[in-house]
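Participant: Take a look at the following structure, please.
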Amino acid sequence: MTLEHKFQKLGADVKLVDGHVIEGYASKFGLVDQGGDVVEKGAYAASIKRLKDKGGLVKMLWQHDPAQPIGIWDEVVEDAVGLRVKGRILTNVVRGREAIALLEAGAIDGLSIGYRTVKSHKSDKGKRILSELDLWEVSLVTFPMLPDARVDAKFDTPEARVLVDIATAFREMGRVIAGRG
Numbered sequence: 675m676t677l678e679h680k681f682q683k684l685g686a687d688v689k690l691v692d693g694h695v696i697e698g699y700a701s702k703f704g705l706v707d708q709g710g711d712v713v714e715k716g717a718y719a720a721s722i723k724r725l726k727d728k729g730g731l732v733k734m735l736w737q738h739d740p741a742q743p744i745g746i747w748d749e750v751v752e753d754a755v756g757l758r759v760k761g762r763i764l765t766n767v768v769r770g771r772e773a774i775a776l777l778e779a780g781a782i783d784g785l786s787i788g789y790r791t792v793k794s795h796k797s798d799k800g801k802r803i804l805s806e807l808d809l810w811e812v813s814l815v816t817f818p819m820l821p822d823a824r825v826d827a828k829f830d831t832p833e834a835r836v837l838v839d840i841a842t843a844f845r846e847m848g849r850v851i852a853g854r855g
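Taking the working numbering, the leading residue of the sequence shown gets 675, the next gets one more, and so forth.
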């Protein structure tokens, strides 16, 4: 059984709140990622139901390393947009504190799913369409697979908010320069 990964940058709808709560989309439906895959709506439904029925949780890992859990995903749901997650980075875990610092600084801005493909098919354009996935974990990562989403973090100080605004402006300018915005 091969475990695969899909990377998703934290977007405007992903937030770090109160220094340790993170929420947003770990995957979005209908978008072609850098690997040529597209996740269909409903792809996670059976996996999420199985986990709930067993009382299990999707794991929150650091860079897909199973030896480095850094928090708890309290909510993992499919909606019309994609796979929405909300969880807590654990501040009493060294790597969790490091992850928070890196998120706040803008050095880490990605989410990635770890999964096994249950059902897929090729589109007429050669893309792999993922129609059912067995979701194992959602990681905070350096390099996401879907580059169009951006970080929007909320912090407690006005100075931190200014730094986030500056970082966002630089990212947007980079998109414009690259011809993607």
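We put the CB at the ideal spot given by N, CA and C, even for glycine.
Alpha carbon to alpha carbon, how far is lysine 702 from valine 712? Give it in angstroms, no decimals.
Facilitator: The residue you call residue 712 lines up with position 38 of the sequence shown. The residue you call residue 702 lines up with position 28 of the sequence shown. Their backbone Cα atoms lie some 9 Å apart in a straight line.
Participant: Could you tell me if arginine 724 is buried or exposed, where buried requires 16 or more neighbouring beta carbons within 10 angstroms of its beta carbon?
Facilitator: As a working note, residue 724 is residue 50 in the sequence shown. With fewer than 16 Cβ atoms within 10 Å of its Cβ, arginine 724 is classed as exposed.
Participant: Quick check: what's the CA-CA separation for tyrosine 718 versus glutamate 806?
Facilitator: Residue numbering aside, residue 718 sits at position 44 when the sequence shown is read from its first letter. Residue numbering aside, residue 806 sits at position 132 when the sequence shown is read from its first letter. Whole-angstrom Cα-Cα distance: 6 Å.
Participant: Mapping DSSP to helix, strand and coil, what is aspartate 707?
Facilitator: Counting from 1 along the sequence shown, the entry for residue 707 is found at position 33. Residue state, collapsed to three classes: coil.
Participant: To the nearest angstrom, report how far apart alanine 827 and alanine 779 are at their CA atoms.
Facilitator: To locate residue 827, count along the sequence shown from 1; it is residue 153. To locate residue 779, count along the sequence shown from 1; it is residue 105. Because the pLDDT of alanine 827 is 41, which lies under 50, any placement of that residue in the model is unreliable, and the question is left without a value.
Participant: Could you pull out every residue in the same chain whose Cβ sits closer than 6 Å to the Cβ of arginine 762, ignoring the five residues on either side in sequence?
Facilitator: In the sequence shown, residue 762 corresponds to position 88, counting from 1. Cβ neighbours of arginine 762 beyond the five flanking positions: His694, Val695, Gly745, Ile746.
Participant: Measure the alpha-carbon distance for glycine 730 versus glutamate 697 and round it to whole angstroms.
Facilitator: Looking up residue 730 in the sequence shown gives position 56. Looking up residue 697 in the sequence shown gives position 23. Answer to the nearest angstrom: the Cα atoms are 19 Å apart.
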